[in-house]
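One structure is given below, encoded as structure tokens.
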């Protein structure tokens, strides 16, 4: 097992009516002028935005609003936010939405505290030294950004989707009311579940597989989410199971499920190129690729896949045929994806065949022009990436 | 399920050689003059104390030392610490040891920031508004105080053992090197494991049993610790399994295993009277009482005990006899305690029969003179407490 650091300072306020504490929390964490950052119309339609603004008014906290964040959040919106915050002397960013809004808020918070171009951080040209405080009212469980140190932004100029990780951007608080997720469309709910589970699986499929406690916690989380999504599909207003998924989303990406392991994250990296090129939903892209990644790397550590098959997917263990058991686990996962109406191939994802040129382009970008590998379970070079995209086509 | 708050800001630095980062961490969290607080001779003998002092010297951080903290840490030592810190203008408390040292450090940190008598907090006469920063170098996994908001102090004047819980006292950081636990005697290791598991079980045996994710995580933790302690008993220098126990100790009491549940904590309250009266090890006291508590409250929620029996203790589920399965789970737990050379009765704990007067005295004190109940799985009044002490005698 590896040494590890674990740092999750985000204060979680979880449950129905929890959003009523938002203004109070902003005050407590020093906010005096707030950017209320959000996505599309749903935060407006649901009344959540108005409710939060009324709260801020009542608490005497000034604010400006900036909506229009889209999935795969854009650098142009981040620039717009930084400019607005500078002009309005904002000192606290409140993200109301899911991972895209939170990531956009984090990028604004970094940029506001930096004299250069915020994209420097995502290109590896600079390391952030400060970051303005971010708080969140979560409405889409998926990315886990509400507790994580991650921030993923897409630069339209060249369709580059890049991540920047730093503890500085971990939100001060996250307000999480499962009821706010009732109105999420089934497709978006499913995408979220795929992402949540993948955050855990990316850490679970590690070659340092001797942190038993982490493995057991990861399996517990995966089983719970897998069970709860069926309940939620049958009944979207099931508070109890919406709550399991929502809380799992945070725990899946705050570091808990990776303590002592290296993690792989190759599927995430491969998917970033898919969503950068085709602007598809991240979760759906992960589902489209995972089975192919799994079959491609299986032989690196068959027993790990057997463990996954038995402990997570509930596949009977054929002790005489570990590889058969492992493959049955991968198949069971793909069946699960299909139950969620998630694609298990790129063509199922984008609605047409992917071309050889597109595959070469994605592998070229993912390997930064054939200069780097991704993953850890098996280190994947450009040729491996192409092979996996082809298997998944 | 219940609404919940989850707040665990403590930075964990886990692994071998992690203690080499201690002075750096103190500096980062603003310490300029440190109280190095510790227990008996073991921190001196192991060389750990010298090593930390050399680090502080090298980092240019001044310090004073105060040792002599005993298990069931005393209020008198806390007073001594506060006085020393005032005189020496200490602004950071470093606890080097286990739960007793950390709790003593927390109490000093509260008292240093308060003009009145620090015991006020433990008597419920005042609420802390400030607390000096505490950091820890953990050497005994058990109490979970390195990440928790809890602090338990014994007032020798009347042998009162009281807890005070507040997020203010959550340590800034915890340095955790599993190697530092190799030299722990078997008895102390076992006491720690009982305490770790009990922190999880006190939250698990709840009547709000519909936070599935929390239940699954709790069971994962209990199974892991239960497995690892056998490995450690066979081989005290087993890094991997010492590590599981150490990390489980923190997660068991940082709030994670109680998200969405009410918790019970009756066994802890009953035990506090045992260790206040007989000055026994807390973990051993818990083992002596738990089986009796469990049998006494079983009928309040048989299915919960069945779940524990099957999912944690690995007892085969007799679907025709839930109560039989539940009882088999309790018996399996007591067998596990005996495997660890832990007592399963009060006489086994104190080496003689407990008297009726002593039982009445403990129940009297635990019920604050028959004015309050404890527990939640079943609310226990003074008569219930006496009955459980008698069952456990």
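Protein chains in written order, with our numbering: chain A, 392 to 784; chain B, 392 to 784. Cβ atoms here follow ideal geometry from the backbone N, Cα and C, with glycine treated the same way. Treat the numbers as computed from the prediction; the structure is a model and nothing was measured.
Exercise. Should residue 562 of chain A be flagged as near chain B, meaning a C-beta pair shorter than 8 Å?
Worked result: Taking the first chain and counting its residues from 1, the one referred to as residue 562 of chain A is at position 171. Taking Cβ atoms only, chain B never reaches closer than 8 Å to residue 562 of chain A, which makes this a no.
For this session: Give a yes or no on whether the minimum CB-CB distance between residue 634 of chain B and chain A is below 8 Å.
Result: In the second chain, the residue the question calls residue 634 of chain B occupies position 243. Interface residue, yes.
Exercise. Between the beta-carbon of residue 564 of chain B and the beta-carbon of residue 423 of chain B, is there less than 8 Å?
Worked result: One-based indexing of the second chain puts residue 564 of chain B at position 173. One-based indexing of the second chain puts residue 423 of chain B at position 32. Contact: no.
For this session: Could you have a look at residue 627 of chain B and say whether DSSP puts it in helix, strand or coil?
Result: Sequence index remark: in the second chain, residue 627 of chain B carries index 236 (1-based). In the structure shown, residue 627 of chain B sits in coil (DSSP, three-state: anything other than H, G, I, E or B).
Problem set entry | residue 404 of chain A versus residue 608 of chain A: straight-line alpha-carbon distance, rounded | By one-based count along the first chain, residue 404 of chain A stands at place 13. By one-based count along the first chain, residue 608 of chain A stands at place 217. Taking the straight line joining both Cα atoms gives about 22 Å.
Problem set entry | residue 705 of chain A to residue 612 of chain A span [Cα, whole Å] | Numbered from its first residue, the first chain carries residue 705 of chain A at position 314. Numbered from its first residue, the first chain carries residue 612 of chain A at position 221. Those two C-alpha atoms are separated by around 14 Å.
For this session: Spell out a yes or no on whether the segment 712-726 of chain B and the segment 693-700 of chain B are touching, meaning 3 or more CB-CB pairs, one atom from each, closer than 8 Å.
Result: yes
For this session: Can you grab the Cα-Cα spacing for the pair residue 659 of chain A / residue 732 of chain B, in whole Å?
Result: Position 268 of the first chain, counted from the start, is the residue given in the question as residue 659 of chain A. Position 341 of the second chain, counted from the start, is the residue given in the question as residue 732 of chain B. Their backbone Cα atoms lie some 48 Å apart in a straight line.
Problem set entry | Beta-carbon proximity of residue 434 of chain A to residue 490 of chain A, cut-off 8 Å | As a first step, residue 434 of chain A must be located in the first chain, where it is residue number 43. As a first step, residue 490 of chain A must be located in the first chain, where it is residue number 99. No; because the gap between Cβ atoms is not below 8 Å, this pair is not in contact.
For this session: Note down, in chain order, every chain A residue with its Cβ under 7 Å from the Cβ of residue 404 of chain B.
Result: Locating residue 404 of chain B in the second chain gives position 13, where the first residue counts as 1. Here the neighbours are 396.
For this session: Return the bridge partner residues of residue 483 of chain A from the DSSP annotation.
Result: The residue given as residue 483 of chain A occupies position 92 in the first chain. A:425.
Problem set entry | For residue 737 of chain B, the nearest candidate out of B:783, B:623, B:724, B:779 (CA to CA) | Looking up residue 737 of chain B in the second chain gives position 346. For the residues B:783, B:623, B:724, B:779, the minimum Cα distance to residue 737 of chain B belongs to B:783.
Problem set entry | Range of the contiguous alpha helix (DSSP H) that encloses residue 780 of chain B | Here residue 780 of chain B refers to the residue found at position 389 when the second chain is read from its first residue. It spans 773-782 - the alpha helix (DSSP H) in which residue 780 of chain B sits, taken as one unbroken run.
Exercise. Since residue 409 of chain A meets chain B, which of its residues come closer than 7 Å, beta carbon to beta carbon?
Worked result: If you number the first chain from 1, residue 409 of chain A lands on position 18. Simply 394.
Exercise. Smallest Cα separation from residue 373 of chain B: which of B:569, B:548, B:562, B:540?
Worked result: Past the boundaries of the shown model lies residue 373 of chain B; chain B is included only from 392 to 784, so the question cannot be answered.
Exercise. Under a three-way DSSP split, which group does residue 519 of chain A fall into?
Worked result: The sequence position of residue 519 of chain A within the first chain is 128, counting from 1. The answer is coil: DSSP assigns residue 519 of chain A none of H, G, I, E or B.
Exercise. Relative to the C-alpha of residue 436 of chain A, which residue among A:474, A:574, A:535, A:475 is closest?
Worked result: As a position in the first chain, residue 436 of chain A is number 45, starting the count at 1. Of the candidates A:474, A:574, A:535, A:475, the one whose C-alpha sits nearest the C-alpha of residue 436 of chain A is A:574.
Exercise. Closest Cβ-Cβ distance between residue 522 of chain A and chain B: below 8 Å?
Worked result: Here residue 522 of chain A refers to the residue found at position 131 of the first chain. No, residue 522 of chain A does not count as interfacial toward chain B.
Exercise. Would residue 426 of chain A be called buried (16 or more neighbouring beta carbons within 10 Å of its own) or exposed?
Worked result: Within the first chain, the letter at position 35 stands for residue 426 of chain A. Flag for residue 426 of chain A reads buried.
For this session: Enumerate, from N- to C-terminal direction, the unbroken beta strand (DSSP E) stretches of 3 or more residues contained entirely within the segment 438-502 of chain B.
Result: 453-457, 483-488
Problem set entry | residue 687 of chain A (DSSP reduced to helix, strand or coil) | Taking the first chain and counting its residues from 1, the one referred to as residue 687 of chain A is at position 296. Three-state result, residue 687 of chain A: helix.
For this session: Closer than 7 Å by C-beta to residue 468 of chain B: which residues in its own chain qualify, once you throw out the five before and the five after it? Chain order, please.
Result: Along the second chain, one-based indexing puts residue 468 of chain B at 77. Correct list, in chain order: 459, 460, 495.
For this session: Can you pull the chain B residues whose beta carbon is under 8 Å from the beta carbon of residue 639 of chain A, in chain order?
Result: Taking the first chain and counting its residues from 1, one reaches residue 639 of chain A at position 248. Ordered by position in chain B, the residues that pass the 8 Å Cβ test against residue 639 of chain A are 604.
Exercise. Counting contacts by CB-CB distance shorter than 8 Å, is residue 698 of chain A in contact with chain B?
Worked result: By one-based count along the first chain, residue 698 of chain A stands at place 307. Taking Cβ atoms only, chain B never reaches closer than 8 Å to residue 698 of chain A, which makes this a no.
Problem set entry | residue 524 of chain B: first and last residue of the uninterrupted alpha helix (DSSP H) it sits in | Within the second chain, residue 524 of chain B is the residue found at index 133, counting from 1. No alpha helix (DSSP H) contains residue 524 of chain B, which DSSP labels as neither H nor E.
For this session: Helix, strand or coil for residue 658 of chain A, going by three-state DSSP, please let me know.
Result: One-based indexing of the first chain puts residue 658 of chain A at position 267. Of the three classes helix, strand and coil, the one that applies to residue 658 of chain A here is helix, per DSSP.
Exercise. Does the separation of the CB atoms of residue 653 of chain B and residue 598 of chain B fall below 8 Å?
Worked result: The residue given as residue 653 of chain B occupies position 262 in the second chain. The residue given as residue 598 of chain B occupies position 207 in the second chain. It is a contact, given that the beta carbons lie within the stated cut-off.
Exercise. From residue 693 of chain B to residue 632 of chain B, what distance separates their C-alpha atoms?
Worked result: Along the second chain, one-based indexing puts residue 693 of chain B at 302. Along the second chain, one-based indexing puts residue 632 of chain B at 241. The straight-line gap from Cα to Cα measures roughly 32 Å.
For this session: Taking 8 Å as the threshold, find out whether the segment 438-446 of chain B comes into contact with the segment 470-484 of chain B through three or more Cβ pairs.
Result: no
Exercise. Using the beta-carbon count (16 or more within 10 Å), is residue 664 of chain A buried or exposed?
Worked result: Within the first chain, residue 664 of chain A is the residue found at index 273, counting from 1. Answer is buried; the Cβ neighbour count reaches 16.
For this session: Can you tell me which of B:625, B:758, B:617 puts its alpha carbon nearest to the alpha carbon of residue 577 of chain B?
Result: Here residue 577 of chain B is taken as the residue at index 186 of the second chain, counted from 1. The shortest Cα separation from residue 577 of chain B among B:625, B:758, B:617 belongs to B:625.
For this session: Would you please verify whether the beta carbon of residue 486 of chain A is less than 8 Å from any beta carbon of chain B?
Result: Residue numbering aside, residue 486 of chain A sits at position 95 when the first chain is read from its first letter. False, the Cβ-Cβ gap to chain B never drops below 8 Å.
For this session: Check whether the segment 640-647 of chain B touches the segment 530-548 of chain B, counting contact only when three or more Cβ pairs, one atom from each stretch, lie closer than 8 Å.
Result: yes
Problem set entry | alpha helix (DSSP H) segments (min. 4 residues) lying fully within the segment 584-641 of chain B | 603-625
Exercise. Nearest to residue 450 of chain B by CA position, among B:618, B:480, B:411, B:561, is which residue?
Worked result: On the second chain, position 59 is the one that residue 450 of chain B refers to. Looking at the Cα atoms, B:411 is the closest of the given residues.
Exercise. Which residues in chain A sit within 8 Å of residue 599 of chain B, going by Cβ to Cβ distance?
Worked result: Here the question's residue 599 of chain B lines up with position 208 in the second chain. In chain order: nothing, as chain A lies at least about 11 Å away.
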